[in-house]
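*Asks:* There's a structure below that I have some questions on.
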């Protein structure tokens with residue numbers, strides 16, 4: 876968020892003063908904001924996906940255990 880605030884402040888200052896180096900710095904900071912947001916989104920998605928994957932694996936294990944228990948409890952004819 877600090878990077879976002881800095882990028883916006885530099886962009887506003889560059890637009891008002893008209894210095895080309897401020898505009899360039901603002902654009903660089905803005906691209907850094909975009910890159911950091913994409914990296915953050917990828918990290919959140921990876922954590923979410925691992926949580927979903929763990930939940931699915933746990934459900935499969937429980938189903939297998941229940942199926943084994945049912946087959947052991949069944950009375951042979």
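Numbering (the numbering used here), first residue to last: 876 to 952. We treat Cβ as the ideally placed atom computed from N, Cα and C, and that holds for glycine. On a predicted model such as this, the values are computed, not experimentally measured, just so you know.
Does the distance from the C-beta atom of residue 878 to that of residue 915 stay below 8 Å?
*Replies:* In this structure, residue 915 does not lie closer than 8 Å to residue 878 by Cβ.
*Asks:* In whole angstroms, give me the CA-to-CA distance for residue 903 and residue 885.
*Replies:* Residue 903 and residue 885: Cα-Cα distance of roughly 10 Å.
*Asks:* Tell me the rounded alpha-carbon separation between residue 928 and residue 918.
*Replies:* Taking the straight line joining both Cα atoms gives about 15 Å.
*Asks:* Under DSSP, the alpha helix (DSSP H) around residue 926 begins and ends at which residues?
*Replies:* Note, residue 926: alpha helix (DSSP H), 895-948.
*Asks:* Can you find a heavy atom of the ligand MG that lies under 7 Å from the Cβ of residue 902?
*Replies:* By its list of ligands, the structure shown contains no ligand whatsoever, and the ligand MG lies outside what it can speak to.
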